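Written below as structure tokens is the structure these notes are about.
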Amino acid sequence: IQMTQSPASLSASVGDRVTITCRASQTISNFLNWYQQKPGTAPKVLIYAADRLQTGVPSRFSGSGSGTDFTLTISSLQPEDFGTYYCQQSYSNLYTFGQGTKLEIK
Amino acid sequence: EVQLVESGGGLVKPGGSLRLSCEVSGFTFSNDNMNWVRQAPGRGLEWVSSINDKSDYIFYADSVRGRFSISRDNAKSTLFLHMNNLRAEDTAVYYCVRLGVVTTVYWFFDLWGRGTPVTVSS
Chain A
185 IQMTQSPASL SASVGDRVTI TCRASQTISN FLNWYQQKPG TAPKVLIYAA DRLQTGVPSR
245 FSGSGSGTDF TLTISSLQPE DFGTYYCQQS YSNLYTFGQG TKLEIK
Chain B
31 EVQLVESGGG LVKPGGSLRL SCEVSGFTFS NDNMNWVRQA PGRGLEWVSS INDKSDYIFY
91 ADSVRGRFSI SRDNAKSTLF LHMNNLRAED TAVYYCVRLG VVTTVYWFFD LWGRGTPVTV
151 SS
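Structure follows, in structure tokens:
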């Protein structure tokens, strides 16, 4: 299953609403997870099952979607939200990630 | 404290072999599905392989199937990745990762090590 994210990169200001999309090459129901990775560190899970917030993750992060199209939204961008965001499907045992979206703070 | 500590990375020539290890503490390793995920320099994340708690369900990415072998020693809380016939495109940081589960249905990578670098070059 191929996962395609867009955009590949974006730059936004503190307080902006930011949206990242992820599309699966076939239906994956809601078996979709989102991760944040900062330079030099391991990724951290933000959202699982498409729209469920992982414990400890700020509520400004939210996820939506089902089937093949998914969205990660940051409602009010904070300085610490820079990094690269990845979607990942867990519908198939051959897990796959999107290519990543690099988010920069203006 | 949860810890996943990878070791065994290094520089190896094309066609060579390497064995990565991941020592785990702070959770019940023998109950959990474990994985290797890699990241080539400046590139995205690529899932490599997974192994369930009893080692009877094992999966590999197409890019490594037939060359890599995952295994585990539950008595020693250690995960392994045996890598053979290494290629330049296997150069990456290799992360040891637990697959967490919620309500027995939703799986996601919830615990990560810091990674061990592997460089394949002549």
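Those protein sequence lines, which keep their order, are chains A and B.
Each residue of the first sequence is one higher than the one before, starting from 185 at the first, in this note's numbering.
Each residue of the second sequence is one higher than the one before, starting from 31 at the first, in this note's numbering.
The beta carbon of each residue, even a glycine, is placed where N, CA and C say it ideally should be.
The structure presented is a predicted model; accordingly, all values stated were derived computationally and were not measured.
Under the Cβ distance rule, B:Val42 does not count among the residues neighbouring chain A, no pair being separated by less than 8 Å. Within the same chain, Arg207 come within 6 Å of A:Thr188 by CB-CB distance, once the 5 residues on both sides are set aside.
The three-state secondary structure of B:Asn104, taken from DSSP, is helix.
Spanning the alpha carbons of B:Tyr125 and B:Phe59 requires a straight line of approximately 16 Å. B:Leu75 reaches chain A at Tyr219, Gln221, Pro227, Tyr270, Gln272, Phe281, Gly284, counting residues in chain order whose Cβ is nearer than 8 Å. For B:Glu36, the enclosing beta strand (DSSP E) starts and ends at 33-37.
Contact between the segment 281-288 of chain A and the segment 78-86 of chain B is absent: fewer than 3 CB-CB pairs across the two stretches fall below 8 Å. With at least 16 other beta carbons inside 10 angstroms of its own, B:Tyr90 counts as buried. In terms of beta-carbon proximity, B:Asp120 stays away from the interface with chain A, with every pair separated by 8 Å or more. Taking one beta carbon from each stretch, the segment 260-269 of chain A and the segment 96-113 of chain B have fewer than 3 pairs nearer than 8 Å; the two do not touch. Under the DSSP definition of a beta bridge, B:Ile81 partners with B:Met64, B:Ile88.
The Cβ neighbour count for B:Ser47, taken over all protein chains shown within 10 Å, is under 16; the residue is labelled exposed. In the three-state reduction of the DSSP assignment, B:Pro147 falls in the strand class.
What A:Leu278 touches in chain B, judged by beta-carbon distance under 7 Å, is Phe89, Ala91, going in chain order. By the neighbour-count definition (other C-beta atoms within 10 Å, threshold 16), B:Ala122 is a buried residue.
When Cβ-Cβ separations below 8 Å define contact, A:Ala192 makes no contact with chain B.
Among the residues of chain A, those whose CB is under 9 Å from the CB of B:Tyr125 are Ala226, Pro227, following chain order.
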